[in-house]
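See structure below.
2 protein chains.
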Amino acid sequence: MNWKMGEAGQESVIGLVQMNCGAAPERNLAAAVERIAEAAGRGAQIVCLPELFRSHYFCQEENVDWFDLAETIPGATVETLSRAAKRHGVVIVGSVFERRCAGVYHNSAVVMNVDGDLLGIYRKMHVPDDPLYYEKFYFTPGDLGFRVFATPFGRIAPLICWDQWYPEAARLAVLAGAEILAYPTAIGWRPGEKREYGKRQHDAWRTTQRSHAIANGVFVAAINRTGLEKPLEDSPGRPADYEGIEFWGRSFVCGPQGETVAEAGAEPGVILAGCNLGDIDRTRRNWPFLRDRRIDAYADLVKRVID
Amino acid sequence: MNWKMGEAGQESVIGLVQMNCGAAPERNLAAAVERIAEAAGRGAQIVCLPELFRSHYFCQEENVDWFDLAETIPGATVETLSRAAKRHGVVIVGSVFERRCAGVYHNSAVVMNVDGDLLGIYRKMHVPDDPLYYEKFYFTPGDLGFRVFATPFGRIAPLICWDQWYPEAARLAVLAGAEILAYPTAIGWRPGEKREYGKRQHDAWRTTQRSHAIANGVFVAAINRTGLEKPLEDSPGRPADYEGIEFWGRSFVCGPQGETVAEAGAEPGVILAGCNLGDIDRTRRNWPFLRDRRIDAYADLVKRVID
Numbered sequence: 001m002n003w004k005m006g007e008a009g010q011e012s013v014i015g016l017v018q019m020n021c022g023a024a025p026e027r028n029l030a031a032a033v034e035r036i037a038e039a040a041g042r043g044a045q046i047v048c049l050p051e052l053f054r055s056h057y058f059c060q061e062e063n064v065d066w067f068d069l070a071e072t073i074p075g076a077t078v079e080t081l082s083r084a085a086k087r088h089g090v091v092i093v094g095s096v097f098e099r100r101c102a103g104v105y106h107n108s109a110v111v112m113n114v115d116g117d118l119l120g121i122y123r124k125m126h127v128p129d130d131p132l133y134y135e136k137f138y139f140t141p142g143d144l145g146f147r148v149f150a151t152p153f154g155r156i157a158p159l160i161c162w163d164q165w166y167p168e169a170a171r172l173a174v175l176a177g178a179e180i181l182a183y184p185t186a187i188g189w190r191p192g193e194k195r196e197y198g199k200r201q202h203d204a205w206r207t208t209q210r211s212h213a214i215a216n217g218v219f220v221a222a223i224n225r226t227g228l229e230k231p232l233e234d235s236p237g238r239p240a241d242y243e244g245i246e247f248w249g250r251s252f253v254c255g256p257q258g259e260t261v262a263e264a265g266a267e268p269g270v271i272l273a274g275c276n277l278g279d280i281d282r283t284r285r286n287w288p289f290l291r292d293r294r295i296d297a298y299a300d301l302v303k304r305v306i307d
Numbered sequence: 001m002n003w004k005m006g007e008a009g010q011e012s013v014i015g016l017v018q019m020n021c022g023a024a025p026e027r028n029l030a031a032a033v034e035r036i037a038e039a040a041g042r043g044a045q046i047v048c049l050p051e052l053f054r055s056h057y058f059c060q061e062e063n064v065d066w067f068d069l070a071e072t073i074p075g076a077t078v079e080t081l082s083r084a085a086k087r088h089g090v091v092i093v094g095s096v097f098e099r100r101c102a103g104v105y106h107n108s109a110v111v112m113n114v115d116g117d118l119l120g121i122y123r124k125m126h127v128p129d130d131p132l133y134y135e136k137f138y139f140t141p142g143d144l145g146f147r148v149f150a151t152p153f154g155r156i157a158p159l160i161c162w163d164q165w166y167p168e169a170a171r172l173a174v175l176a177g178a179e180i181l182a183y184p185t186a187i188g189w190r191p192g193e194k195r196e197y198g199k200r201q202h203d204a205w206r207t208t209q210r211s212h213a214i215a216n217g218v219f220v221a222a223i224n225r226t227g228l229e230k231p232l233e234d235s236p237g238r239p240a241d242y243e244g245i246e247f248w249g250r251s252f253v254c255g256p257q258g259e260t261v262a263e264a265g266a267e268p269g270v271i272l273a274g275c276n277l278g279d280i281d282r283t284r285r286n287w288p289f290l291r292d293r294r295i296d297a298y299a300d301l302v303k304r305v306i307d
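Chain order of the listed sequences is D and B.
Read in order, the letters of the first sequence correspond to residues 1 to 307 in the numbering used here.
Read in order, the letters of the second sequence correspond to residues 1 to 307 in the numbering used here.
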């Protein structure tokens, strides 16, 4: 491989807010606002929050009462984030359990600009359904496609958690101009299997997202919640044998060659990543993967299985 | 993430032949045949050779004389590999500089079955062109698409080197039924930049291929050549300042969660990887990424850029 350094480009500072999320939505939202202020005070220009940070991870069970947590967009959370963005002059990538109408809910991301304007929303396209992650019960899959929002600190494509596992999502966002892929996330271990499978699960998660950076020559940010969450005591649908999910934190930002720019441990807090957006152009000149895509041969990617 | 172990499936043993390749084609071919025998003797059922193993890596320069190295398929190399496959009862994934007609050459892979039959060929779809890797001069991009060959030891999709960087290639091969992606490869460092960029380049290469295993729940084998190769002394096109390429070896096999099954260092030799093909089904039950692809939203993957 060849490697040459070019000129420096724009430096954007991304702040990742890694949070414990408890049962009280207003307390989580207030904590997020405090962390946004902290990140901005330390120099962050783009502040990213974890998936569904305003509540505990209610998808551990199927319970219609949790639809009460949903909000319209715009709504209270968007207004709160809007004020925070304007006050600190930062871009915010937030997450909202969106009520679109009776019976149609989405797992959505919002991007707030430095003036407090809502630049737009993204609705999670790939919705999982696994034991303890019963998301298909709550969330209608997104119908807005993959979206890119131009901000003063770079073009951001919000993607959400399960989207992480899909190279198609990353590619489409990059082809549409994204410089930063931001993945608000809620992923963790089942305590009973952490010892045997935990390391491999975390490594696969990290590897897959780093590969999106490499294949596309782009920055990738993953913002995860952290800490053990059990179903709430007063939940009518709560099975007795649930052990909960230990969200593993470990939020990170990597650069366009997959190199780690910043990485958290398991503790809650803010981490900062200085991202020179000029690295995108430098990398793609030397690793010109986008040049050689065989678009004449990719038509079958819209098939479920080629059988 | 959830994780449960199911029943054991078929165990297939893959042997990777990591080679130094010199200037004498017949010597390289004879060395490959010896290594195939060694691999088979140690239990390999599928034996994979590096990209263009029959010659030095002539793409370091643009020189029409090197078209003399090309062969038809079938041709002498295919016949030699056919005899080796039949003698040892192994499947062979080989590599041939293919002369298709005057003026049309390909960088091709061949898959030989245990009875010596040529199961088919794959022509490198993504062809690079970088300083010291002037492949677009020699190779017409493949026109056969991505192909899967059923063998007694698993369904194999041969892909070649630069294809490694394209998640589209891996996905299409897997949608068509591949259980093992085999990448004959010739990748290395420029000696002058190894110290500064070498670690990152190797890590990106390894990470990207592991991500194909994870995203698709499939085995991935990368078979690289090794050792320093300079342009030949008597080459008329040889620039004076070439430092050559230090091919980095480090061939590996990883499983469907990206876990390393076997990995070589820089030395030439044979490494063996026992691959339980039942791991594919077990992994996909627990990491059901293929279930949730948004094929309704992927149409723009056939665009160069969405602009």
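Backbone N, C-alpha and C fix where the C-beta goes; we use that ideal spot for every residue, glycine too.
Only a predicted model underlies this, so the values are computations on that prediction, with no experimental measurement involved.
With a 10 Å radius around the Cβ and a threshold of 16 neighbouring Cβ atoms, P25 of chain B comes out buried.
Within the segment 124-179 of chain D, the alpha helix (DSSP H) runs of at least 4 residues that lie entirely inside it are, in chain order, 135-138 and 167-175. G217 of chain D is positioned such that its CB atom lies no closer than 8 Å to that of F146 of chain D. Exclusion of the five residues before and after P167 of chain B leaves H212 and A215 as the residues of its chain whose Cβ lies within less than 7 Å of its Cβ.
Contact annotation, P191 of chain B with Q60 of chain B: C-beta distance approximately 13 Å; criterion of less than 8 Å not satisfied.
By the rule that beta-carbons nearer than 8 Å mark a contact, S12 of chain D does not touch chain B.
The three-state reading of DSSP puts W287 of chain B in coil, since its state is none of H, G, I, E or B.
The three-state reading of DSSP puts N28 of chain B in helix, counting H, G and I together. Counting along the chain, W66 of chain D sits inside no beta strand (DSSP E), nor does DSSP assign it H or E at all. Sequence-distant Cβ neighbours of S108 of chain B in its own chain, meaning closer than 6 Å and more than five residues away, are V96, E98, I121 and R123. Around the C-beta of P131 of chain D, fewer than 16 other C-beta atoms lie within 10 Å, and the residue is accordingly described as exposed.
Between the alpha carbons of D296 of chain B and V302 of chain B lies a gap of roughly 13 Å. A straight-line Cα-Cα distance of about 40 Å links C101 of chain D and K199 of chain D. The beta carbon of E229 of chain B sits closer than 6 Å to those of H56, Y57, G244 and I245, all from its chain and outside the five residues before and after it, given in chain order. The CB of F289 of chain B comes closer than 8 Å to the CB of W165 and Y166 in chain D, given here in chain order. Annotated three-state conformation of S95 of chain B is strand, per DSSP. Between V90 of chain D and A44 of chain D, the C-beta spacing is below 8 Å. Below the 8 Å Cβ cutoff, chain D contributes E168, L172, L301 and V302 as neighbours of Y298 of chain B, in chain order.
Counting along the chain, H202 of chain D sits inside no beta strand (DSSP E); it lies in the alpha helix (DSSP H) bounded by residues P191 to N216. Cβ atoms of F247 of chain B and A262 of chain B stay farther apart than 8 Å, at about 19 Å. Burial is judged here by how many other beta carbons sit within 10 angstroms of a residue's own beta carbon; T72 of chain D has fewer than 16 and is exposed. Interface with chain D (8 Å Cβ-Cβ cutoff): A37 of chain B is excluded.
Against chain D, the CB of R250 of chain B has no partner CB under 8 Å away; the residue lies outside that interface. The beta carbon of R123 of chain B sits no closer than 8 Å to any beta carbon of chain D. Look at I295 of chain B here: in three-state DSSP terms it is helix.
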